[in-house]
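Protein chains in written order, with our numbering: chain A, 10 to 221; chain B, 7 to 808.
A virtual CB, placed ideally from N, CA and C, is assigned to each residue, including glycine.
Written below as structure tokens is the structure these notes are about.
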Amino acid sequence: MSDTLPKTEQTDELLSSHNYDGIQEYDNPTPGWWNWLFIGTIVFAPVYVLWFHSPVRENNLQTQFQTAMAENLKLQFGDLKLEPTGDNVLKYLNDEKWLDFGKTTFATHCVQCHGREGEGVSAPNLTDDSYKNVKTIADIPKVVSEGANNGAMPAWTKLHPNEIVFVSAYVASLRGKNLPSTRGVEGDEIDPWPEPPPREPSETKPEAEVSG
Amino acid sequence: MHDSTTASEATTAPHGSGPAPTDGPLESFSYDDAIVRKFVTATLVWGVVGFLVGIVLALELPFPWLNGGIEWITFGRLRPLHTNAVIFAFAGNAIFAAIYYSTQRLCKARMWSDTLSNLHFWGWQLIIVSAALTLPFGITQSKEYAELEWPIDIAIAVVWAGFFGVNFFMTLIVRRERHLYVAIWFYIATIVTVAVLHIFNNLWVPLVAMGTPGTALAWFKSYPIYAGAQDAMMQWWYGHNAVAFFLTTPFLGLMYYFLPKAAGRPIFSYRLSILHFWSLVFIYIWAGPHHLHYTATAEWLQTLGMVFSIMLWMPSWGGMINGLLTLRGVWHKVPGDPVLKFFVVGITFYGMSTFEGPMLSVKSVNALSHYTDWTIGHVHAGALGWNGFMAFGMIYWLAPRLYQTKLHSIAQANLHFWLATAGILVYAISMYVAGLTQGLMWLGINDAGQLAYPDFVQTTQAIIPMYWIRVVGGLLYLGGTLIGCWNIYCTWKARPAKYEVPVYQAPALKDVPFTPEQPPESDLVAVLEVGKKIDTWSTLWWHRVWERLPIKFTIMTTLAVVIASLMELVPAFVVRSNIPTIDTVKPYTPLELAGRDIYVSEGCYNCHSQMIRPLVAETVRYGDYSLAGESIYDHPFQWGSRRIGPDLAREGGVRGNDWHVRHFLEPQVMTQGSIMPPYPWLMKKKIDFESVPLRIAAQQALGVPYPQYEGDDRSQAAEDAKTQAKGIYREYMQITGKPFRDADGEEIDLSDKQVVALIAYLQRLGVDRYAAPDAEAPVPDGEPAAQSDEVVAGAPDEQGAT
């Protein structure tokens with residue numbers, strides 16, 4: 010790109026018959042790197058196709074997803090398998106780690122109606138002592154799984170049973186914070202949650218189980 | 007060696023500008039520059055309009071209240087107006103100016119018909135005006151860059167093919183230059199392919215074909231003949247190639263004429279022109295499915311889209327090389343010449359965008375970039391950087407020639423250049439940052455295997471500062487454009503009282519003696535005869551023959567485009583396993599269909615996708631990934647291409663009807679930090695129940711099964727819609743315990759209001775797959791067994807299955 014007439018000029022071959030409104034054309038060969046990159050991208054195509062659509066090995070997006078999903082499930086819960094019962098909710102009521110898990114689930118699916126802190130927006134305040142559809146702690150996972158109030162509270166069938174336990178435990182843990190809410194008192198005041206059982210630390214550390 | 011015409015032939019039959027020996031009389035002709043002046047004016051006017059609407063949109067995101075409650079200018083309604091204005095009005099008029107100016111000179115012939123030229127000009131402007139008069143009112147097909155409804159589609163076909171196409175090809179027929187220059191090849195590809203794309207992506211059944219609609223809105227309404235995954239395939243075959251053949255090939259043609267003229271240098275390589283033209287035309291067509299990576303489109307189609315996009319890299323760069331290397335020896339002129347500066351930056355942006363495009367089409371990169379502002383940054387680098395700079399470079403070169411006076415101000419042109427350059431850089435960089443930020447936040451998984459950013463609105467709030475910076479970039483670019491307009495206006499003011507119209511002379515082609523090209527002898531020795539033939543063929547001497555046969559050239563171009571299209575589209579449509587059906591997926595109810603049409607009309611798809619990809623973070627956030635069988639009744643498909651708001655594919659049943667009503671009224675109350683505008687008119691405007699039977703009839707014509715509404719039972723559809731609407735409002739009142747009241751406290755019966763239809767549609771999204779099989783539905787004998795291997799189980803639970 011020198012400003013003096015470039016040396017390449019001498020190899021430029023002007024096409025004598027090409028003159029269109031004064032525009033002329035050289036017939037320079039295509040640059041070598043251009044040729045080879047073009048050929049490279051063409052050769053890449055069948056290699057890529059065979060790698061991901063191999064007749065002998067399943068490697069498509071679905072199988073990749075299923076593998077990733079299985080790994081993620083293991084990362085989430087290890088071998089932990091819980092039934093969404095009141096006892097299980099109670100068991101994790103004071104477990105910081107799993108409450109945190111429940112909090113993230115809550116933030117993913119519940120905050121739009123119940124508010125970021127559970128204070129209630131279009132759905133009831135979860136931080137006071139009054140409940141519409143909950144009489145005992147076992148009713149929380151039940152409402153989460155089955156829904157309530159004509160679908161205003163949907164049935165969260167897409168949640169993993171463990172997730173239902175943890176999000177229920179998180180919801181139960183919100184009780185008593187009594188955050189200011191635009192919603193009035195709804196439902197009836199119910200008895201306090203029973204005393205949680207003593208913690209068994211080993212069960213709260215699935216990482217240990219995964220590595221072991 | 008590479009050209010068959012020898013030096014001795016050149017002296018006897020020159021095709022250059024010198025006087026030609028001839029057997030017949032010289033013909034006198036002049037060029038029609040008045041039409042070019044018109045197109046230049048339209049380019050500038052629509053450019054300002056398109057950019058201005060862009061800035062309004064850019065502001066509406068951080069300021070969702072900016073529309074002031076006016077439904078016609080919400081983001082959803084206005085965004086198609088912005089894209090259409092910039093693509094078809096600004097870039098469109100620019101390429102027409104380029105084609106009308108250069109074709110006449112490259113063919114040594116006036117445009118075949120001044121009448122057609124003017125019909126083309128005024129017809130096109132009328133189409134643009136009609137776009138501006140329909141899109142804000144929600145008259146849209148919702149297919150990106152093909153939003154305009156059926157009557158305008160017909161007008162586009164007539165103006166493009168009937169006026170522009172005929173005029174252009176007849177000019178080639180009556181030309182006085184034997185061979186077609188490379189710019190003309192690109193114009194041919196443009197005209198033919200855009201016509202094919204436009205027609206086949208816009209096949210529809212209008213409601214009016216089914217009876218007389220009661221409202222203007224319904225009169226304009228149509229449904230595309232394709233549905234779901236097939237509609238997506240057609241749309242992005244169109245959408246991607248609109249970029250190829252509306253924003254790339256004509257601008258390459260523009261470059262091939264105006265760049266060597268402005269630089270006074272020969273084109274770098276004729277051979278490269280041939281190679282990159284044909285490879286570009288053939289390969290581009292395949293690349294469309296890269297817009298559908300990780301969607302429910304069959305995976306082999308996505309793979310084809312990706313590998314062809316990568317193959318497209320060098321053909322695209324062929325154009326960039328031929329542009330930049332043409333400037334060898336004149337680089338010292340570039341800093342002082344605004345025209346060359348615009349061209350150099352434009353071509354550089356072309357090179358950047360055509361590297362970025364193949365990169366974004368790599369599936370794993372696309373997993374991050376898709377649905378984000380990265381794509382928005384990419385397209386603006388193309389539209390403002392490449393198309394805009396090439397258009398303005400051309401206009402600055404044309405201005406003194408068209409207005410026959412000096413350019414008003416070189417300094418202003420330079421200022422325009424620097425403002426535009428700064429503007430596009432600020433724009434693109436802010437959008438890259440926004441896209442990467444949001445993409446990474448969406449996919450982020452924390453140590454516990456959960457979403458790192460569980461609340462979608464967190465990811466929206468994170469990029470608001472980038473929206474601000476984007477506005478600054480847009481303002482800089484618009485500011486430059488306004489200075490450019492002023493400069494051209496002042497140049498025009500200084501025009502002579504009467505334009506000079508030079509008269510040229512040249513013989514008719516038939517009167518010019520001509521020796522047909524001969525294949526060169528191969529230099530190879532000691533090889534097989536076939537080796538020599540290949541050697542001769544590879545000199546591309548035969549291409550010179552094609553260049554003097556415009557009809558053959560056009561047919562070959564058409565074949566390249568059509569064959570590539572058919573090879574991809576035919577298997578996509580006929581292989582049944584591409585779209586496995588799901589037994590429990592049923593057509594929408596009449597009310598849901600009416601609600602769906604409101605969703606389309608409001609342009610919800612501009613901000614919300616309905617396509618969950620098979621990525622862990624995505625299924626954790628939204629639910630099971632979408633399957634092709636779920637959208638088989640979606641005329642048109644609503645998968646979307648951007649997530650300014652969250653995906654809605656599994657919105658059905660997630661929230662109560664009361665939530666939706668309140669959310670449409672006050673999105674920020676329901677979701678703090680949401681940037682969705684309020685939709686208060688949905689609670690005021692009535693559902694068009696009268697047209698519901700027509701909508702059902704049009705769907706029936708497309709093969710959607712509504713056995714209960716056949717023939718005389720069709721009017722029942724309106725009654726059923728009313729019943730369902732009442733039910734939804736009743737549910738609303740049961741949940742809230744009271745009737746709906748508007749902001750003034752006045753009680754409003756929502757059961758005939760649009761909001762109810764829209765909610766009916768939203769509550770249906772993504773739920774059919776989990777529905778219990780309908781035991782009462784009649785099962786035709788034998789059918790289920792034959793289909794069984796293609797039927798996806800009613801409720802596959804990917805999360806549970808693992």
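Checking 8 Å against the spacing of the C-beta atoms, do residue i and residue j come in under that value?
i, j, result
"W547/B", "E523/B", "yes"
"G324/B", "L278/B", "yes"
"P321/B", "L286/B", "yes"
"F4/A", "A454/B", "There is no way to answer for residue 4/A, as the model of chain A reaches only from 10 to 221."
"L141/B", "E150/B", "no"
"K90/A", "Y179/A", "no"
Can you tell me which of the options puts its alpha carbon nearest to the alpha carbon of residue i?
i, options, result
"F143/B", "L457/B, F257/B, I604/B and P31/B", "I604/B"
"V174/A", "W107/A, H27/A, Y140/A and L59/A", "W107/A"
"G485/B", "L260/B, A703/B and L58/B", "L58/B"
"W242/B", "I61/B, Q644/B, R668/B and A731/B", "Q644/B"
"G82/B", "L307/B, S647/B and K744/B", "S647/B"
"L260/B", "H666/B, S279/B, I101/B and V536/B", "I101/B"
"I585/B", "R116/B, K227/B and A233/B", "A233/B"
"P699/B", "T109/B, P219/B, A167/B and T378/B", "P219/B"
"E753/B", "M739/B, P272/B, K369/B and E716/B", "M739/B"
Against chain A, does residue i count as a neighbour if the rule is that its beta carbon must be under 8 Å from one of theirs?
i, result
"P406/B", "no"
"V42/B", "no"
"Q456/B", "yes"
"R661/B", "yes"
"Y495/B", "no"
"I875/B", "Outside the modelled stretch of chain B, which goes from 7 to 808, sits residue 875/B, for which no answer is possible."
"G324/B", "yes"
"Y735/B", "no"
"V432/B", "no"
"A791/B", "For A791/B, the predicted structure reports a pLDDT of 37, less than 50, and the residue's modelled location is therefore unreliable. The matter cannot be settled from this model."
"P460/B", "yes"
Please report the Cβ distance between residue i and residue j, rounded to the nearest whole angstrom; I am assuming they are in contact, meaning their Cβ atoms lie under 8 Å.
i, j, result
"L597/B", "Y229/B", "Not a contact, Cβ separation roughly 17 Å."
"D664/B", "S131/A", "6 Å"
"D120/B", "D38/B", "6 Å"
"N68/A", "W60/A", "7 Å"
"S165/A", "H118/A", "Position check: residue 165/A holds Trp in this sequence, whereas Ser was assumed. Confirmed, Cβ separation roughly 7 Å."
"G450/B", "S375/B", "No, G450/B and S375/B are not in contact; Cβ-Cβ is about 15 Å, not under 8 Å."
"V94/A", "A147/A", "Note on residue identity: the sequence assigns Thr, not Val, to residue 94/A. Right, the Cβ-Cβ distance comes to about 6 Å (below 8 Å), so this counts as a contact."
Does DSSP classify residue i as helix, strand or coil?
i, result
"M573/B", "helix"
"L457/B", "strand"
"A157/A", "strand"
"V200/B", "helix"
"T360/B", "helix"
"R661/B", "coil"
"D197/A", "strand"
"S25/A", "strand"
"P686/B", "helix"
"R277/B", "helix"
"P784/B", "Only weak support is given to the placement of P784/B: the predicted model assigns it a pLDDT of 44, under 50, and the value that follows is read from those uncertain coordinates. Looking at P784/B - three-state DSSP - the assignment turns out to be coil, as it is neither helix nor strand."
"R407/B", "helix"
Would residue i count as contacting chain B if we go by Cβ distances under 8 Å?
i, result
"K90/A", "no"
"S63/A", "no"
"Y57/A", "yes"
"P133/A", "no"
"F175/A", "no"
"E34/A", "yes"
"V219/A", "Note that V219/A scores a pLDDT of 41, beneath 50, so its modelled location is shaky; the value from the coordinates is reported in the next line. No, its Cβ sits nowhere closer than 8 Å to a Cβ of chain B."
"D104/A", "no"
"L46/A", "yes"
"P163/A", "yes"
Please indicate yes or no: does the CB of residue i lie closer than 7 Å to some heavy atom of the ligand ATP?
i, result
"S131/A", "Looking at this structure, you won't find the ligand ATP or any other ligand, since it has none at all."
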